[in-house]
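Quick note on the working numbering: the sequence shown kicks off at 4 and runs consecutively. The structure appears below as structure tokens.
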Amino acid sequence: MSDDYRQHGLTFPSSFLFGSATASYQIEGAASEDGRGPSIWDTFSRKPGAVLHGHTGDVACDHYHRLDDDLDLMQSLGLEAYRFSIAWPRIQADGTGPANPKGVAFYNRLVDGLLARGIKPIATLYHWDLPQALEDQGGWTARDTALRFGDYAHHMGEALGDRVAVWTTLNEPWCSAYLGYGAGVHAPGVTDRLATLRAVHHLNLAHGLGIQALRASVTRPDVQYSATLNPQVARGVDDTADEAIRRIDALGNRAFTGPMLRGEYPADLLADTAAITDWSFVLPGDLEQIHQPLDVLGVNYYSTMRVRLWDGVGERQSADGHGASRGTAWPGAAEEIEFLPTDGPYTDMGWNIDPAAFEDLLVGLSSEYGLPLMITENGAAFPDEADEDGRVRDADRIDYLRQHFTAVHRAMGRGADIVGYQVWSLMDNYEWAYGYTKRFGIVRVNYETLERTPKDSAHWYAQLIRERAIPA
Ligand code: GBH
Numbered sequence: 004m005s006d007d008y009r010q011h012g013l014t015f016p017s018s019f020l021f022g023s024a025t026a027s028y029q030i031e032g033a034a035s036e037d038g039r040g041p042s043i044w045d046t047f048s049r050k051p052g053a054v055l056h057g058h059t060g061d062v063a064c065d066h067y068h069r070l071d072d073d074l075d076l077m078q079s080l081g082l083e084a085y086r087f088s089i090a091w092p093r094i095q096a097d098g099t100g101p102a103n104p105k106g107v108a109f110y111n112r113l114v115d116g117l118l119a120r121g122i123k124p125i126a127t128l129y130h131w132d133l134p135q136a137l138e139d140q141g142g143w144t145a146r147d148t149a150l151r152f153g154d155y156a157h158h159m160g161e162a163l164g165d166r167v168a169v170w171t172t173l174n175e176p177w178c179s180a181y182l183g184y185g186a187g188v189h190a191p192g193v194t195d196r197l198a199t200l201r202a203v204h205h206l207n208l209a210h211g212l213g214i215q216a217l218r219a220s221v222t223r224p225d226v227q228y229s230a231t232l233n234p235q236v237a238r239g240v241d242d243t244a245d246e247a248i249r250r251i252d253a254l255g256n257r258a259f260t261g262p263m264l265r266g267e268y269p270a271d272l273l274a275d276t277a278a279i280t281d282w283s284f285v286l287p288g289d290l291e292q293i294h295q296p297l298d299v300l301g302v303n304y305y306s307t308m309r310v311r312l313w314d315g316v317g318e319r320q321s322a323d324g325h326g327a328s329r330g331t332a333w334p335g336a337a338e339e340i341e342f343l344p345t346d347g348p349y350t351d352m353g354w355n356i357d358p359a360a361f362e363d364l365l366v367g368l369s370s371e372y373g374l375p376l377m378i379t380e381n382g383a384a385f386p387d388e389a390d391e392d393g394r395v396r397d398a399d400r401i402d403y404l405r406q407h408f409t410a411v412h413r414a415m416g417r418g419a420d421i422v423g424y425q426v427w428s429l430m431d432n433y434e435w436a437y438g439y440t441k442r443f444g445i446v447r448v449n450y451e452t453l454e455r456t457p458k459d460s461a462h463w464y465a466q467l468i469r470e471r472a473i474p475a
């Protein structure tokens, strides 16, 4: 059966990198150990009303203390790659100065543990845990934060640059800027249109300075450099939709791919934001700094939104948080966009399941930018429960993953160059403003005992990796 299936089924090339992803604040815990300074999420999560139930990452999955067991778990699933992020405040408690040896030691153990198990390390420098001390000086609205990021990147290149296979500067700068400084639903919880756009630019600058600092300090020869974006994918509902989608694409996507991959901010983006800013915070030479050659583009994808232009009558719909994106996050000409509820089916986040859009997105990105794509995140939250026998029968997650792996396979069939897939997430974890109420893991975490249990989806994924084909 299995040979027959391989012959006729959806197989992946031997170079395709199957792995799974996590992020430091979401799993590590040990928030004030070994010299780690506070991050903006330690602060934000303590702000009344900011996070469901006031959950914090103080303990999270306690990964910091369970590293060896978690490495064994990855190996038992047959992961070929593991995408993790480095907590900047473990390396520099206040975002400046020398690297903290204890912080570096943890990531050394992680990288060595991966290599000893034949798992490729994919390291992200910034997955949202900015040192609070830098936020106190303006955070991403301040140019200096980008310069500090360059220094931090240099430290990490020196520490891990002989072993890390793939470097990613930023995870989803759209979220940092628009959810952190626009909608205010992520740390630092600011709601200010100009701050959002300043953050966009300083994140881009940080990316460029980070790539250059890594290149100057990394020694592994076959290393690859990347950034991870979360492309905003909108479907239209009427004949005003094309214009709505263009505005979303300018502010949500080309605001990052423009400078990073083409060395410019698109003219329509500048026009769409002219009422807020003349972008004078973009200094001469910045675009050259940002526009660095990359080897891979990281793509995170979950769902789509439904949009049209607002006709100005009545209240603008913004379907917050229900698979339609946050109307409140978008500045400039995008303030005239209505975000309508999407069609189901939905995951436990209320996000719609739309694998066809994923396929088209990958084909489009690949032909537009000509860079190999790595799926750095894709996955789904469902309210799984362990059965009497302890088994977690998460058929809905398997279904989601099967549909999205199939979409990737189809996109490859249409010519998209896709080099790997990192399932979000290895284990249930701290889902930001939703605290521990949403479960994205292929491994269940019992938050009372911190015990890990591979769900059915983990076994399904292990089979996929073994057979290099989507299980029938
Ligand atoms: C990723 O973000 C993160 O990188 C990861 O840390 C996280 O755990 C994972 O996904 C699951 O959330 O704007 O709320 O109206 C994904 C971020 C998903 C942002 C969908 C915007 C639109 C819904 N995004 N989203 S909302």
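All C-beta atoms, glycine included, are put in the ideal place defined by N, C-alpha and C.
Can you name the start and end residues of the beta strand (DSSP E) that residue i belongs to?
{"i": "M377", "result": "L376 to N381"}
{"i": "L312", "result": "M308 to L312"}
{"i": "L127", "result": "Checking the sequence shown, residue 127 turns out to be Thr, not Leu. Here the beta strand (DSSP E) through T127 covers K123 to Y129."}
{"i": "V299", "result": "V299 to N303"}
{"i": "Y85", "result": "A84 to S88"}
Can you find the residues in the same chain that come closer than 6 Å, C-beta to C-beta, to residue i, ignoring five residues on each side of it along the sequence?
{"i": "S17", "result": "none"}
{"i": "P358", "result": "Q406, H407 and A410"}
{"i": "I43", "result": "L133, Q135, E138, A190 and P191"}
{"i": "H294", "result": "G266"}
{"i": "R400", "result": "A383, F385 and S460"}
{"i": "L286", "result": "none"}
{"i": "G211", "result": "Q292, I293 and Q295"}
{"i": "M4", "result": "Per-residue confidence for M4 stands at a pLDDT of 36, beneath the threshold of 50, marking its modelled position as unreliable; no derived number is given."}
{"i": "H56", "result": "G438"}
{"i": "L453", "result": "D65"}
{"i": "G444", "result": "S428, M430 and D431"}
{"i": "M377", "result": "V299, G301, V422 and G423"}
Can you round the beta-carbon distance between residue i and residue j to whole angstroms, since I take them to be within the 8 Å contact cut?
{"i": "L182", "j": "A332", "result": "6 Å"}
{"i": "L208", "j": "P176", "result": "Contact flag wrong, Cβ pair sits at about 11 Å."}
{"i": "A322", "j": "F342", "result": "5 Å"}
{"i": "V448", "j": "K458", "result": "Their Cβ separation, rounded to whole angstroms, is 11 Å, which puts V448 and K458 out of contact at 8 Å."}
{"i": "Y403", "j": "T350", "result": "7 Å"}
{"i": "V302", "j": "T379", "result": "6 Å"}
{"i": "S23", "j": "L82", "result": "6 Å"}
{"i": "Y184", "j": "W131", "result": "Their Cβ separation, rounded to whole angstroms, is 12 Å, which puts Y184 and W131 out of contact at 8 Å."}
Output needed for residue i: all residues of its chain with C-beta closer than 7 Å, excluding positions within five of it in sequence on either side, in chain order.
{"i": "L200", "result": "T276, I279, T280 and P334"}
{"i": "R257", "result": "P269 and L272"}
{"i": "Y439", "result": "H58, Y433 and Y450"}
{"i": "R166", "result": "V114, L118, P124 and R223"}
{"i": "T2", "result": "No answer is possible for residue 2: the residues shown for the chain start at 4 and end at 475."}
{"i": "G255", "result": "W177 and Q235"}
{"i": "D61", "result": "G32 and A34"}
{"i": "S220", "result": "H157, G160, E161 and G164"}
{"i": "F19", "result": "V422 and G423"}
{"i": "A253", "result": "P269, D271, L272 and D275"}
{"i": "Q478", "result": "For residue 478 there is no data in the structure shown, the boundaries of the chain being 4 and 475."}
Where do the ends of the alpha helix (DSSP H) carrying residue i lie?
{"i": "Q227", "result": "Looking at the DSSP string, Q227 is not in any alpha helix (DSSP H); the run it does join, the beta strand (DSSP E), is Q227 to L232."}
{"i": "E2", "result": "Outside the shown range of the chain, which is 4 to 475, sits residue 2, and nothing can be said about it."}
{"i": "T171", "result": "Careful: T171 lies outside any alpha helix (DSSP H), inside the beta strand (DSSP E) at V169 to N174."}
{"i": "S220", "result": "R196 to S220"}
{"i": "L163", "result": "R146 to L163"}
{"i": "R93", "result": "W91 to I94"}
{"i": "E291", "result": "D289 to I293"}
Output needed for residue i: all residues of its chain with C-beta closer than 8 Å, excluding positions within five of it in sequence on either side, in chain order.
{"i": "G12", "result": "A472, I473 and A475"}
{"i": "G393", "result": "T456"}
{"i": "G38", "result": "R93, A96, N103, K105 and G106"}
{"i": "Q227", "result": "A168, V169, W170, D298 and V299"}
{"i": "H68", "result": "G32 and A33"}
{"i": "E318", "result": "none"}
{"i": "F47", "result": "A53, V54, H189, A190, P191 and G192"}
{"i": "V240", "result": "R309, V310, R311 and L343"}
{"i": "M77", "result": "S23, Y85, L117, R120, I122 and L429"}
Just grab the DSSP bridge partners of residue i for me.
{"i": "M495", "result": "What is shown of the chain runs 4 to 475, which leaves residue 495 out entirely."}
{"i": "R455", "result": "V448"}
{"i": "Y349", "result": "N355"}
{"i": "V114", "result": "BP columns for V114 are empty, so no partner."}
{"i": "P134", "result": "S42"}
{"i": "G239", "result": "V310"}
{"i": "L343", "result": "R309"}
{"i": "I421", "result": "L376"}
{"i": "L264", "result": "Answer is none; L264 lacks a bridge partner."}
{"i": "L20", "result": "G423"}
{"i": "V366", "result": "Partner(s): none; V366 has no beta bridge."}
Hey, is residue i's beta-carbon within less than 9 Å of any beta-carbon in chain B?
{"i": "G438", "result": "In the structure shown, chain B does not exist; there is a single protein chain."}
Quick one: does the C-beta of residue i sit closer than 8 Å to a heavy atom of ligand 2?
{"i": "A190", "result": "Inclusion of ligand 2 in the displayed structure is not the case, the ligand content consisting of ligand 1 alone."}
Give a yes or no on contact between the region 247-255 and the region 184-197, applying the rule of three or more CB pairs nearer than 8 Å. no
Across the region 79-91 and the region 120-129, are there enough close Cβ pairs to call them in contact, namely three or more that are closer than 8 Å? yes
Under 8 Å, with one C-beta from each stretch per pair, do the region 145-159 and the region 90-108 reach the 3-pair mark? yes
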